[in-house]
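Student:
Numbering (the numbering used here), first residue to last: 293 to 624.
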């Protein structure tokens, strides 16, 4: 089939590193409860949050890094490189999993606080350690706050055929992603978790943001340029962001939420994160379009000294993410 995708321009896009670095910091802060500083994170002011940004950038970066390799060296080589990255992610998750559980166990023992085992969803290790650890290695058992990496591993693991097809029929893949997203929401599809329940980040729905990121990198941004630059999007998008902030605040403050009709309040609260509610997707797409419009690739502040630490965090995203998860427990 003929190649229809537009490969990204050569050279590193510092915007990706910058916003991925910010996303890592936001995720770290969001995982520490009762923390005044986490009021600086976007989950308090809109429907989408740092997780949406992280997944979108992951899809964008995956296509940016591996698309040309798959074209030049073929599907097998491109897939092998992608799966090598998946293995690195899996090893990082297992190491973090072991250290995280050990830290929780030490705190529970040191301070005679067994309730913390239930709070972080690791009590099953006491009752049934072998099977629980086995399920942890299969990504079905996840302590609290260890949900993002398994999602990333699954999305990257299935990405090679998606990328191969997207290079040839990008719009068709985007449509297929939307169909899967709505089907999963309609029929309640999700991965099962251990010992009960399902994944907090449903891969069937969250794949939409990952694929959208890949599509955006492979020509979607150019296709959408007229929309991104339009006046109507600026007005409608701004109004929607304001509405999202109001409804999010209504969910945060009971007295403020009581001012709204029950049907309106219930439509957005609680925020459906597991199945990635459409209002979250729209909210994030508006933000992505605004960033694309107002922050060009050669944006001056990206070269400044104050941005350098954030960009470095984005460039070392996996290490920073893992350390952030552990430190969030320490901060907890």
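Even for Gly, the Cβ is constructed at its ideal location relative to N, Cα and C. In this text the structure is predicted, and so the values were computed from the model without any measurement.
1) Give me the Cα-Cα distance between residue 420 and residue 434, rounded to the nearest whole angstrom.
2) Just the Cα atoms here: how many angstroms apart are residue 393 and residue 432?
3) Within 10 Å of its beta-carbon, does residue 352 have 16 or more other beta-carbons around it, so buried, or fewer, so exposed?
4) Do you know offhand how far residue 439's Cα is from residue 564's?
5) What do you reckon, are the CB atoms on residue 489 and residue 350 nearer than 8 Å?
6) Measure from the alpha carbon of residue 594 to the alpha carbon of each residue in 444, 311 and 297, then state which is nearest.
7) Can the beta-carbon of residue 425 be found closer than 8 Å to that of residue 462?
8) Can you name, in chain order, every residue of its own chain whose Cβ lies under 8 Å from the Cβ of residue 464, other than the five neighbours on each side?
9) Going by other Cβ atoms of all chains shown within 10 Å of its Cβ, with 16 needed for buried, is residue 598 buried or exposed?
10) Which whole-angstrom value is the C-beta distance of residue 334 and residue 318, which I expect to be below 8 Å?
11) Identify, in the order they occur along the chain, each residue of the same chain with its Cβ nearer than 8 Å to the Cβ of residue 627, setting aside the five sequence neighbours on each side.
12) Give the straight-line distance between the Cα atoms of residue 328 and residue 321, rounded to the nearest whole angstrom.
13) Less than 8 Å separating the beta-carbons of residue 455 and residue 358?
14) Quick one: grab the DSSP three-state call for residue 490.
15) Rounding to the nearest angstrom, what Cα-Cα distance links residue 568 and residue 494 in this structure?
16) If we ignore side chains and look at the alpha-carbon of each, how far apart do residue 478 and residue 561 end up?
17) Have a look at 526, 528 and 554 and flag the residue whose alpha-carbon is nearest the alpha-carbon of residue 539.
18) Would you report the Cα separation of residue 605 and residue 406, rounded to the nearest angstrom?
19) Can you check DSSP and say which residues form a bridge with residue 280?
20) Which class does residue 515 belong to by DSSP, given the choice of helix, strand or coil?
Tutor: Working from what's here:
1) 14 Å
2) 15 Å
3) By the neighbour-count rule (16 or more Cβ atoms within 10 Å), residue 352 is buried.
4) 16 Å
5) no
6) 311
7) no
8) Contacts found: 457.
9) exposed
10) Between the beta-carbon of residue 334 and that of residue 318 there is about 7 Å, and that keeps the pair under the 8 Å contact cut.
11) Beyond the ends of the chain as shown, which are 293 and 624, falls residue 627; an answer cannot be given.
12) 9 Å
13) yes
14) Note: residue 490 maps to strand in three-state DSSP.
15) 8 Å
16) 19 Å
17) Checked all of 526, 528 and 554; the closest Cα to residue 539 is 554.
18) 35 Å
19) As shown, the chain starts at 293 and ends at 624. That puts residue 280 outside it, with no answer to give.
20) In the structure shown, residue 515 sits in a helix (DSSP, three-state: H, G or I).
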